[in-house]
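In my numbering, the protein residues as written are 3 to 82.
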């Protein structure tokens with residue numbers, strides 16, 4: 003497809019209307035948009051410089067510190 007995203011969402015996100023992929027909306031995500039990889043941040047997406055397209059993405063959530071990390075699950079390379 004032309005785009006995809008993966009990540010985590012907080013329990014209090016809006017369930018109706020237009021939803022924006024951003025931490026401010028309670029969504030932490032990375033993905034591909036028409037051939038370019040991004041972390042979906044606000045107000046501007048953060049471009050990701052990946053050495054190779056990831057096939058499997060690991061999402062690590064640290065609830066204690068409130069941190070989310072994304073990595074290439076095959077080689078452990080950090081994505082964001």
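Virtual Cβ for every residue (Gly too), placed ideally from N, Cα, C.
Apart from the five residues on each side of it in sequence, which residues of its chain come closer than 8 Å, Cβ to Cβ, to residue 50?
32, 39, 40, 41, 81, 82
Out of 78, 56, 76, 68, state which residue places its alpha-carbon closest to the alpha-carbon of residue 25.
68
Could you check where the beta strand (DSSP E) with residue 63 kicks off and where it finishes?
Following the DSSP letters along the chain, one finds residue 63 inside the beta strand (DSSP E) bounded by residues 59-64.
Run the CB neighbour count on residue 45, radius 10 Å, all protein chains shown included, and call it buried at 16 or more, exposed below.
Result: exposed.
Is residue 25 helix, strand or coil when you go by DSSP?
helix
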